[in-house]
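Participant: Numbering (our numbering), first residue to last: 1 to 269. Glycine included, every Cβ here is placed at the ideal spot set by N, Cα and C. Since the structure is predicted, the reported quantities are computational estimates derived from the model, not experimental observations.
(1) Three or more C-beta pairs under 8 Å: does that hold for the stretch 83-90 against the stretch 184-201?
(2) Is residue 33 helix, strand or coil when you go by DSSP?
(3) If you drop the 5 nearest sequence neighbours on each side, which residues of the same chain put their C-beta closer than 6 Å to that of residue 156?
(4) So what does DSSP say about residue 163, is it helix, strand or coil?
(5) What is the DSSP secondary structure of residue 227, reduced to helix, strand or coil?
(6) What does the alpha-carbon distance come out to for the pair residue 95 and residue 45?
(7) Please report the straight-line C-alpha distance between residue 211 and residue 136, rounded to a whole angstrom.
(8) Using a threshold of 7 Å, is the CB atom of residue 80 nearer than that to any non-hydrogen atom of the ligand MG?
(9) Who are the Cβ neighbours of residue 319 in its own chain at under 6 Å, not counting the five residues just before and after it?
(10) Where do the N-terminal and C-terminal ends of the beta strand (DSSP E) with residue 211 fall, by residue?
(11) Assess contact between the stretch 170-182 and the stretch 144-151, defined as three or more Cβ pairs (one per stretch) separated by less than 8 Å. Is contact present?
(12) Quick one: residues in its chain with C-beta nearer than 7 Å to the C-beta of residue 73, no 5 flanking neighbours on either side, listed in chain order?
(13) Could you have a look at residue 68 and say whether DSSP puts it in helix, strand or coil?
(14) For residue 182, which residues of its own chain have a beta-carbon under 8 Å away from its beta-carbon, when the five flanking residues on both sides are left out?
(15) What are the boundary residues of the beta strand (DSSP E) that residue 192 is part of?
(16) Along the chain, where does the alpha helix (DSSP H) containing residue 41 start, and where does it finish?
See the structure below:
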(Lines of atoms letter the chains of each structure in order from A and count residues from 1; the text may use other names and numbers.)
(Lines give C-alpha, C1' and ligand atoms only; values in the text may rest on other atoms or scores of the structure.)
Protein backbone atom coordinates (compact mmCIF):
# COMPACT_ATOMS: atom_id res chain seq x y z
CA UNK A 1 0.00 0.00 0.00
CA UNK A 2 2.80 2.38 0.89
CA UNK A 3 4.48 1.63 -2.42
CA UNK A 4 1.29 2.55 -4.31
CA UNK A 5 1.04 5.89 -2.48
CA UNK A 6 4.72 6.58 -3.18
CA UNK A 7 4.24 5.89 -6.89
CA UNK A 8 1.15 8.12 -6.94
CA UNK A 9 3.06 10.91 -5.21
CA UNK A 10 5.94 10.66 -7.69
CA UNK A 11 3.50 10.73 -10.61
CA UNK A 12 1.82 13.82 -9.20
CA UNK A 13 5.17 15.58 -8.83
CA UNK A 14 6.16 14.62 -12.35
CA UNK A 15 2.82 15.83 -13.68
CA UNK A 16 3.19 19.15 -11.87
CA UNK A 17 6.70 19.58 -13.28
CA UNK A 18 5.53 18.81 -16.82
CA UNK A 19 2.58 21.19 -16.45
CA UNK A 20 4.82 23.99 -15.16
CA UNK A 21 7.27 23.44 -18.02
CA UNK A 22 4.62 23.38 -20.74
CA UNK A 23 2.65 26.38 -19.45
CA UNK A 24 5.55 28.82 -19.24
CA UNK A 25 7.61 30.44 -21.96
CA UNK A 26 10.77 32.50 -22.42
CA UNK A 27 9.23 34.82 -25.03
CA UNK A 28 10.04 38.47 -24.35
CA UNK A 29 7.15 40.54 -22.94
CA UNK A 30 4.90 37.47 -22.65
CA UNK A 31 2.62 37.38 -19.62
CA UNK A 32 3.38 33.64 -19.45
CA UNK A 33 7.09 34.31 -19.03
CA UNK A 34 8.05 34.35 -15.34
CA UNK A 35 11.64 35.26 -16.15
CA UNK A 36 13.25 38.69 -16.03
CA UNK A 37 12.06 39.72 -19.52
CA UNK A 38 8.46 38.53 -19.15
CA UNK A 39 5.42 40.45 -17.90
CA UNK A 40 3.91 37.82 -15.60
CA UNK A 41 4.16 40.22 -12.63
CA UNK A 42 2.49 43.17 -14.39
CA UNK A 43 -0.95 43.56 -12.82
CA UNK A 44 -3.13 44.50 -15.77
CA UNK A 45 -6.28 43.18 -17.37
CA UNK A 46 -5.94 42.03 -20.95
CA UNK A 47 -8.56 43.16 -23.48
CA UNK A 48 -9.13 41.88 -27.01
CA UNK A 49 -12.03 44.09 -28.05
CA UNK A 50 -11.19 47.79 -28.37
CA UNK A 51 -14.84 48.79 -28.53
CA UNK A 52 -16.47 50.34 -25.48
CA UNK A 53 -13.32 50.73 -23.38
CA UNK A 54 -13.82 52.38 -19.99
CA UNK A 55 -12.69 56.02 -20.40
CA UNK A 56 -11.56 56.03 -16.75
CA UNK A 57 -8.82 53.51 -17.56
CA UNK A 58 -5.51 53.48 -19.40
CA UNK A 59 -4.91 51.24 -22.40
CA UNK A 60 -1.32 50.01 -22.76
CA UNK A 61 -0.13 48.96 -26.20
CA UNK A 62 3.06 47.10 -25.30
CA UNK A 63 5.70 46.36 -27.94
CA UNK A 64 3.13 45.95 -30.72
CA UNK A 65 3.93 43.37 -33.39
CA UNK A 66 0.67 43.36 -35.36
CA UNK A 67 -0.86 46.17 -37.45
CA UNK A 68 -4.06 47.91 -36.40
CA UNK A 69 -6.97 47.94 -38.83
CA UNK A 70 -8.67 51.21 -39.73
CA UNK A 71 -11.63 50.11 -37.61
CA UNK A 72 -9.44 49.44 -34.57
CA UNK A 73 -7.74 52.81 -34.96
CA UNK A 74 -11.21 54.41 -35.03
CA UNK A 75 -12.08 52.68 -31.75
CA UNK A 76 -8.91 54.10 -30.18
CA UNK A 77 -9.70 57.60 -31.45
CA UNK A 78 -13.17 57.34 -29.89
CA UNK A 79 -11.61 56.12 -26.65
CA UNK A 80 -9.19 59.07 -26.60
CA UNK A 81 -11.97 61.55 -27.43
CA UNK A 82 -14.03 60.20 -24.51
CA UNK A 83 -11.21 60.93 -22.05
CA UNK A 84 -9.44 57.58 -22.08
CA UNK A 85 -5.65 57.43 -22.00
CA UNK A 86 -3.54 55.41 -24.42
CA UNK A 87 0.11 54.62 -23.69
CA UNK A 88 2.07 53.17 -26.60
CA UNK A 89 5.35 51.59 -25.51
CA UNK A 90 7.49 50.74 -28.53
CA UNK A 91 11.19 50.76 -29.37
CA UNK A 92 11.16 49.32 -32.88
CA UNK A 93 8.92 51.80 -34.70
CA UNK A 94 6.14 49.24 -35.23
CA UNK A 95 3.61 51.67 -33.73
CA UNK A 96 4.32 54.49 -36.18
CA UNK A 97 1.55 53.47 -38.59
CA UNK A 98 -0.96 53.48 -35.72
CA UNK A 99 0.26 56.91 -34.59
CA UNK A 100 -0.26 58.22 -38.12
CA UNK A 101 -3.77 56.74 -38.23
CA UNK A 102 -4.55 58.46 -34.92
CA UNK A 103 -3.53 61.80 -36.45
CA UNK A 104 -0.48 62.11 -34.19
CA UNK A 105 2.78 63.78 -35.16
CA UNK A 106 4.74 61.58 -32.76
CA UNK A 107 6.98 58.84 -34.09
CA UNK A 108 9.31 56.26 -32.54
CA UNK A 109 12.87 56.50 -33.87
CA UNK A 110 14.79 53.25 -33.21
CA UNK A 111 18.47 53.44 -32.37
CA UNK A 112 21.00 52.44 -29.76
CA UNK A 113 20.84 55.19 -27.14
CA UNK A 114 23.59 55.04 -24.54
CA UNK A 115 24.58 57.40 -21.75
CA UNK A 116 27.29 58.20 -19.27
CA UNK A 117 24.56 59.22 -16.82
CA UNK A 118 24.20 55.79 -15.31
CA UNK A 119 24.76 53.74 -12.17
CA UNK A 120 25.38 50.52 -14.07
CA UNK A 121 28.18 49.25 -16.26
CA UNK A 122 25.78 48.86 -19.18
CA UNK A 123 25.61 52.22 -21.04
CA UNK A 124 22.14 51.32 -22.29
CA UNK A 125 20.71 51.27 -18.76
CA UNK A 126 20.53 54.90 -17.69
CA UNK A 127 18.47 57.64 -16.07
CA UNK A 128 15.77 59.62 -17.85
CA UNK A 129 14.48 62.89 -16.41
CA UNK A 130 10.80 63.79 -16.22
CA UNK A 131 10.37 67.21 -17.85
CA UNK A 132 6.62 67.31 -18.52
CA UNK A 133 3.56 67.44 -16.33
CA UNK A 134 1.43 64.36 -16.92
CA UNK A 135 -0.59 62.05 -14.69
CA UNK A 136 1.64 59.08 -15.53
CA UNK A 137 4.64 60.83 -13.98
CA UNK A 138 3.01 62.65 -11.07
CA UNK A 139 5.52 62.73 -8.22
CA UNK A 140 8.19 61.11 -10.41
CA UNK A 141 11.47 62.91 -11.11
CA UNK A 142 13.55 60.22 -12.80
CA UNK A 143 12.96 56.94 -14.60
CA UNK A 144 15.48 54.15 -15.13
CA UNK A 145 15.40 53.37 -18.84
CA UNK A 146 16.66 50.23 -20.55
CA UNK A 147 17.93 50.85 -24.09
CA UNK A 148 15.04 53.13 -25.08
CA UNK A 149 14.28 54.52 -28.52
CA UNK A 150 13.93 58.22 -29.24
CA UNK A 151 10.48 59.77 -29.65
CA UNK A 152 10.05 62.60 -32.15
CA UNK A 153 7.19 65.11 -32.00
CA UNK A 154 4.68 65.86 -29.29
CA UNK A 155 5.32 67.48 -25.93
CA UNK A 156 8.35 65.96 -24.15
CA UNK A 157 7.74 64.05 -20.93
CA UNK A 158 11.09 62.30 -20.40
CA UNK A 159 14.47 63.45 -21.64
CA UNK A 160 17.91 61.95 -21.30
CA UNK A 161 20.83 63.97 -20.01
CA UNK A 162 23.26 65.78 -22.29
CA UNK A 163 25.66 62.86 -21.79
CA UNK A 164 23.65 60.63 -24.12
CA UNK A 165 24.50 59.51 -27.65
CA UNK A 166 23.24 57.14 -30.32
CA UNK A 167 25.87 54.41 -30.22
CA UNK A 168 25.53 53.37 -33.86
CA UNK A 169 28.58 51.10 -33.83
CA UNK A 170 27.70 49.61 -30.41
CA UNK A 171 31.22 50.01 -29.05
CA UNK A 172 30.12 51.74 -25.84
CA UNK A 173 32.03 54.93 -26.68
CA UNK A 174 31.41 58.20 -28.52
CA UNK A 175 33.32 57.72 -31.76
CA UNK A 176 33.19 58.89 -35.35
CA UNK A 177 30.19 61.08 -36.09
CA UNK A 178 28.47 60.22 -32.80
CA UNK A 179 27.82 63.20 -30.54
CA UNK A 180 26.38 63.88 -27.08
CA UNK A 181 22.85 65.31 -27.05
CA UNK A 182 19.68 65.35 -24.99
CA UNK A 183 17.07 63.01 -26.42
CA UNK A 184 13.33 62.73 -25.78
CA UNK A 185 12.31 59.16 -24.98
CA UNK A 186 8.69 59.86 -23.98
CA UNK A 187 6.22 62.45 -25.25
CA UNK A 188 2.50 63.03 -25.43
CA UNK A 189 -0.25 64.77 -27.33
CA UNK A 190 -3.28 65.12 -25.08
CA UNK A 191 -4.26 61.69 -23.76
CA UNK A 192 -1.97 59.87 -26.19
CA UNK A 193 1.48 59.08 -24.80
CA UNK A 194 4.38 57.41 -26.60
CA UNK A 195 7.16 55.79 -24.57
CA UNK A 196 10.26 54.52 -26.38
CA UNK A 197 10.94 51.84 -23.77
CA UNK A 198 8.55 48.86 -23.49
CA UNK A 199 11.05 47.10 -21.22
CA UNK A 200 9.87 49.28 -18.31
CA UNK A 201 7.05 46.76 -17.96
CA UNK A 202 9.07 43.54 -17.79
CA UNK A 203 9.43 41.74 -14.47
CA UNK A 204 13.01 42.88 -13.82
CA UNK A 205 12.18 46.56 -14.33
CA UNK A 206 8.90 46.89 -12.44
CA UNK A 207 10.60 47.51 -9.10
CA UNK A 208 12.89 50.15 -10.64
CA UNK A 209 10.04 52.60 -11.38
CA UNK A 210 7.29 51.84 -8.84
CA UNK A 211 5.67 55.31 -8.80
CA UNK A 212 5.28 55.28 -12.57
CA UNK A 213 3.66 51.83 -12.49
CA UNK A 214 1.31 52.91 -9.69
CA UNK A 215 0.27 56.01 -11.63
CA UNK A 216 -0.89 53.87 -14.55
CA UNK A 217 -3.62 52.09 -12.63
CA UNK A 218 -6.23 51.11 -13.61
CA UNK A 219 -4.48 49.84 -16.73
CA UNK A 220 -5.56 47.41 -19.43
CA UNK A 221 -3.32 45.80 -22.04
CA UNK A 222 -4.26 45.48 -25.67
CA UNK A 223 -3.91 41.71 -25.93
CA UNK A 224 -4.33 41.54 -29.71
CA UNK A 225 -1.44 43.70 -30.90
CA UNK A 226 0.91 43.67 -27.88
CA UNK A 227 3.64 41.06 -27.53
CA UNK A 228 2.21 39.80 -24.25
CA UNK A 229 0.83 36.59 -25.75
CA UNK A 230 2.68 33.43 -26.71
CA UNK A 231 3.19 31.05 -29.62
CA UNK A 232 3.07 28.08 -27.23
CA UNK A 233 0.18 25.88 -28.51
CA UNK A 234 -0.40 24.22 -25.13
CA UNK A 235 -0.81 27.55 -23.34
CA UNK A 236 -3.06 28.91 -26.09
CA UNK A 237 -5.22 25.79 -25.93
CA UNK A 238 -5.61 26.11 -22.16
CA UNK A 239 -6.48 29.81 -22.49
CA UNK A 240 -9.02 29.00 -25.22
CA UNK A 241 -10.67 26.39 -23.00
CA UNK A 242 -10.79 28.85 -20.09
CA UNK A 243 -12.33 31.53 -22.32
CA UNK A 244 -14.83 29.14 -23.94
CA UNK A 245 -17.46 27.93 -21.42
CA UNK A 246 -18.82 25.09 -23.63
CA UNK A 247 -15.28 23.71 -24.08
CA UNK A 248 -14.61 23.94 -20.33
CA UNK A 249 -17.90 22.15 -19.59
CA UNK A 250 -17.11 19.41 -22.11
CA UNK A 251 -13.68 18.88 -20.59
CA UNK A 252 -15.17 18.69 -17.10
CA UNK A 253 -17.69 16.13 -18.33
CA UNK A 254 -14.92 14.00 -19.82
CA UNK A 255 -13.10 14.08 -16.49
CA UNK A 256 -16.23 13.05 -14.55
CA UNK A 257 -17.38 10.28 -16.89
CA UNK A 258 -14.75 7.68 -15.86
CA UNK A 259 -15.53 8.28 -12.19
CA UNK A 260 -19.27 7.99 -12.81
CA UNK A 261 -18.76 4.81 -14.84
CA UNK A 262 -16.62 3.26 -12.11
CA UNK A 263 -19.13 4.24 -9.41
CA UNK A 264 -22.00 2.72 -11.41
CA UNK A 265 -20.06 -0.45 -11.98
CA UNK A 266 -19.39 -0.86 -8.27
CA UNK A 267 -23.11 -0.46 -7.53
CA UNK A 268 -23.95 -3.19 -10.03
CA UNK A 269 -21.46 -5.51 -8.40
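Facilitator: Taking the structure as given:
(1) Verdict: yes, contact present.
(2) For the purposes of this step, residue 33 is taken as the residue at position 33 of the chain shown. Reduced to three states, the DSSP call for residue 33 is coil.
(3) Here residue 156 refers to the residue found at position 156 of the chain shown. These residues qualify, in order along the chain: 131, 132, 184 and 187.
(4) The residue labelled residue 163 in the question sits at position 163 within the chain shown. Three-state DSSP puts residue 163 in coil, outside helix and strand.
(5) Within the chain shown, numbered from 1, the residue matching residue 227 stands at position 227. In the displayed model, residue 227 falls within coil according to three-state DSSP, outside both helix and strand.
(6) The count along the chain shown starts at 1 and reaches residue 95 at position 95. The count along the chain shown starts at 1 and reaches residue 45 at position 45. Roughly 21 Å between the two C-alpha positions.
(7) As a working note, residue 211 is residue 211 in the chain shown. As a working note, residue 136 is residue 136 in the chain shown. About 9 Å.
(8) This structure lacks the ligand MG; in fact it carries no ligand of any kind.
(9) Missing from the structure shown is residue 319; the chain here goes from 1 to 269 and no further.
(10) The residue given as residue 211 occupies position 211 in the chain shown. No beta strand (DSSP E) contains residue 211, which is instead part of the alpha helix (DSSP H) from 210-216.
(11) Inter-segment contact for the stretch 170-182 and the stretch 144-151 is absent: fewer than three beta-carbon pairs are separated by less than 8 Å.
(12) Residue 73 sits at position 73 when you count from the first residue of the chain shown. Within the same chain, 98, 101 and 102 come within 7 Å of residue 73 by CB-CB distance, once the 5 residues on both sides are set aside.
(13) In the chain shown, residue 68 corresponds to position 68, counting from 1. In this structure, residue 68 counts as coil in the three-state DSSP scheme.
(14) As a first step, residue 182 must be located in the chain shown, where it is residue number 182. Non-local beta-carbon contacts of residue 182 in its own chain, meaning distances under 8 Å to residues more than five positions away in sequence, involve 159, 160, 161, 162 and 164 in chain order.
(15) Indexing the chain shown from 1 puts residue 192 at position 192. Its beta strand (DSSP E) spans residues 192-195.
(16) For the purposes of this step, residue 41 is taken as residue 41 along the chain shown, with counting starting at 1. DSSP places residue 41 outside any alpha helix (DSSP H), giving it a letter other than H or E.
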